[in-house]
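J.: Take this structure first; my questions come after.
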Amino acid sequence: MELLVQGFEDNGDDDFGPTIPSLETWTASASAFSIPWSHEVKAIMTGFKSALMKKDSGPWLVSCPFDATSIKLTTVIPDSGGGVTSYRDGMSSHTGSSSEHLSAELAVTVGYPFLNASVSGKYDRSIKKNDHSLKVSRNSSCRMGRVILADTPHFSTEALNILRFKGREKFTDVYGDYYLVGYELGADAGACLSAASSSSSKEETLKLTVTVKVLWVRKSITHTETSSSSSSSTSFRFSGYSTLDYKTELLDLKQVSSQDQEKLHEVAQLYLSKISSLGSDIRACMEELELVDGKQLPLKCCSAVCESGLVVALLLEPFERLSQYQQSVKRR
């Protein structure tokens, strides 16, 4: 089962570049894909109707076409010893934002209301709006494995009857065209500090000449005064996020006092610590949930896994790839 894990973007908004494929690109070709996710509970096997992706109500459907008695989940951890962790540092000294400061997975959610809660999406938007010239950033991305369906469950009798006697369109209306097959486990964290400075100076010269006539003699007296003033200001902006604890931090300091400097230092150190300890924090969370390689899990575990912050992406497969779906369509 090949799953394409990508960042996504609405074609109507090019803030994040035209090279990032939209969700419609994958659904039009009935390809498997993933979407960035947060802490919201979404149970495996939940139906997904792609035609509703841009609706405020969202694409998720309550009805499930599978027979609940045949459902089994399993944990798949390719490298239970450490997983895959990557770090990316960025630095720029030009006005405007650039891609090197965006979140580790570029979880772009523009145009899809059901994805707006993504903390990495909020972080990316704060970076895009940042017009400071000097920026430094660090982002970390850690992937530890997946929780997926151990075997494809069977369709319920009701779902088979809809597919055989009422066709694909009716099936899609009731159950959707995709289903949630699993979770990608891991977390992302990042921080960006930017600064902008401005200065101005002003100089004024006052020249006064007075001419007087004393005893038929003209005499001129000139008085000159020069005054100058200057001012400067420095502003800082900090953006940080962690998908594991579902938090974003935004600080915008216009007038930097000693108290502001202390707060900025404290918050920056906190997020740098989150970034450096991301892998160990994820492993600790997985141990607490008993997510070990090959472990069979009940369907009810979905709530705890989602709420833990370990789910960085939802893995979606099209119904039409299932052999049972294809066989039922052929029998019509």
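Residue numbers (our numbering): 2 to 333.
For every residue, glycine included, the Cβ atom is placed at its ideal position computed from N, Cα and C.
Note down, in chain order, each residue of its chain lying with its Cβ closer than 8 Å to the Cβ of residue 268, except the 5 sequence neighbours on either side.
T.: Sequence index remark: in the sequence shown, residue 268 carries index 267 (1-based). So the qualifying residues of the chain are 239, 241, 250, 252.
J.: Using beta-carbon positions only, say whether residue 180 and residue 48 come within less than 9 Å of one another.
T.: Numbered from 1 along the sequence shown, position 179 holds the residue referred to as residue 180. Numbered from 1 along the sequence shown, position 47 holds the residue referred to as residue 48. A contact, by the Cβ cut-off of 9 Å.
J.: Between the Cα of residue 32 and those of 319, 331, 327, spot the shortest distance and give me the residue it belongs to.
T.: Start at 1 with the first residue of the sequence shown, and residue 32 comes out as number 31. Nearest option by C-alpha distance: 319.
J.: Please classify residue 294: is it buried, with 16 or more other beta-carbons within 10 angstroms of its beta-carbon, or exposed?
T.: Position 293 of the sequence shown, counted from the first residue, corresponds to residue 294. It counts as exposed.
J.: Evaluate residue 282 with the Cβ neighbour count: other Cβ atoms within 10 Å of its Cβ, from every protein chain shown; 16 or more gives buried, anything less gives exposed.
T.: In the sequence shown, the residue the question calls residue 282 occupies position 281. Residue 282 comes out buried.
J.: Output the boundary residues of the alpha helix (DSSP H) element that contains residue 287.
T.: Indexing the sequence shown from 1 puts residue 287 at position 286. Unbroken alpha helix (DSSP H) run through residue 287: 279–289.
J.: Three-state secondary structure (DSSP) at residue 87?
T.: Mapped onto the sequence shown, residue 87 falls at position 86. In the structure shown, residue 87 sits in a strand (DSSP, three-state: E or B).
J.: Decide if the stretch 139–158 is in contact with the stretch 61–74; the criterion is three or more beta carbon pairs, one per stretch, under 8 Å apart.
T.: Yes: the two stretches touch, three or more of their Cβ pairs being nearer than 8 Å.
J.: Based on the DSSP output, what are the partners of residue 187 in its beta bridges?
T.: Taking the first residue of the sequence shown as position 1, residue 187 is located at position 186. In the DSSP output, where bridge partners are listed per residue, residue 187 has 144.
J.: Cα separation between residue 184 and residue 167?
T.: Reading the sequence shown from its first residue, position 183 is the one you call residue 184. Reading the sequence shown from its first residue, position 166 is the one you call residue 167. C-alpha separation (whole angstroms): 32 Å.
J.: Just checking my contact of residue 311 with residue 186 at CB under 8 Å: how many whole Å lie between their CB atoms?
T.: Position 310 of the sequence shown, counting from 1, holds the residue named residue 311. Position 185 of the sequence shown, counting from 1, holds the residue named residue 186. With 8 Å as the limit, residue 311 and residue 186 qualify as a contact, their Cβ atoms being about 5 Å apart.
J.: Which residue wins for smallest C-alpha separation from residue 88, given the options 286, 276, 327, 68?
T.: Taking the sequence shown and counting its residues from 1, one reaches residue 88 at position 87. Selected option, being the one with the closest Cα: 276.
J.: Where does residue 261 fall in DSSP's three states?
T.: In the sequence shown, residue 261 corresponds to position 260, counting from 1. Residue 261 falls in the helix class under three-state DSSP.
J.: With H, G and I counted as helix, E and B as strand and the rest as coil, what does DSSP make of residue 27?
T.: Start at 1 with the first residue of the sequence shown, and residue 27 comes out as number 26. The answer is helix: DSSP assigns residue 27 an H, G or I state.
J.: What first and last residue would you give for the beta strand (DSSP E) that runs through residue 41?
T.: On the sequence shown, residue 41 is found 40 positions in, with the first residue counted as 1. Note, residue 41: premise wrong, no beta strand (DSSP E); not H, not E.
J.: Near residue 53, what residues of its chain come up, given a Cβ to Cβ distance below 7 Å and the 5 sequence neighbours on each side ignored?
T.: As a position in the sequence shown, residue 53 is number 52, starting the count at 1. Within the same chain, residue 53 has close Cβ partners 59, 60.
J.: Give me the Cα-Cα distance between residue 80 and residue 307, rounded to the nearest whole angstrom.
T.: Position 79 of the sequence shown holds residue 80. Position 306 of the sequence shown holds residue 307. Low per-residue confidence applies at residue 80: pLDDT is 49, beneath 50, and the placement is therefore not dependable enough to give any value.
J.: Give me the residue from 194, 248, 273, 270 with the minimum Cα distance to residue 236.
T.: Working through the sequence shown from its first residue, we reach residue 236 at position 235. Among 194, 248, 273, 270, the Cα nearest to that of residue 236 belongs to 194.
J.: Compare the beta carbon distance of residue 143 and residue 196 with 9 Å and say whether it is the shorter of the two.
T.: As a working note, residue 143 is residue 142 in the sequence shown. As a working note, residue 196 is residue 195 in the sequence shown. No; because the gap between Cβ atoms is not below 9 Å, this pair is not in contact.
J.: Quick check on residue 310: does DSSP put it in helix, strand or coil?
T.: As a first step, residue 310 is located in the sequence shown; it is residue number 309 there, counting from the start. Here residue 310 sits in coil by DSSP.
J.: Which two residues bound the contiguous beta strand (DSSP E) that contains residue 166?
T.: Within the sequence shown, the letter at position 165 stands for residue 166. Note, residue 166: premise wrong, no beta strand (DSSP E); alpha helix (DSSP H) at 158–166.
J.: Let's test the definition: count the other Cβ atoms within 10 Å of the Cβ of residue 140 and tell me whether it reaches 16, buried, or not, exposed.
T.: Within the sequence shown, the letter at position 139 stands for residue 140. Residue 140 comes out buried.
J.: In terms of DSSP beta bridges, what is residue 318 paired with?
T.: Walking along the sequence shown from the start, residue 318 turns up at place 317. Looking at the DSSP assignment, residue 318 forms a beta bridge with 180.
J.: What separation, rounded to the nearest whole angstrom, lies between the Cα atoms of residue 28 and residue 321?
T.: As a first step, residue 28 is located in the sequence shown; it is residue number 27 there, counting from the start. As a first step, residue 321 is located in the sequence shown; it is residue number 320 there, counting from the start. If you take the alpha carbons of residue 28 and residue 321, they lie about 12 Å apart.
J.: Going by other Cβ atoms of all chains shown within 10 Å of its Cβ, with 16 needed for buried, is residue 299 buried or exposed?
T.: Position 298 of the sequence shown, counted from the start, is the residue given in the question as residue 299. Classification of residue 299: exposed, given that the 10 Å Cβ count is below 16.
J.: Let me confirm a value: residue 332 is counted as buried when at least 16 other C-beta atoms fall within 10 Å, else exposed. Which label applies?
T.: For the purposes of this step, residue 332 is identified with residue 331 of the sequence shown, where counting begins at 1. Exposed is the call here.
J.: Measure the C-alpha to C-alpha separation of residue 190 and residue 162 and round it to an integer number of angstroms.
T.: Within the sequence shown, residue 190 is the residue found at index 189, counting from 1. Within the sequence shown, residue 162 is the residue found at index 161, counting from 1. Distance between the alpha carbons of residue 190 and residue 162: 46 Å.
J.: Could you check which residue in 327, 305, 67 has the C-alpha nearest to that of residue 182?
T.: As a position in the sequence shown, residue 182 is number 181, starting the count at 1. Residue 67 is the option with its Cα nearest to residue 182.
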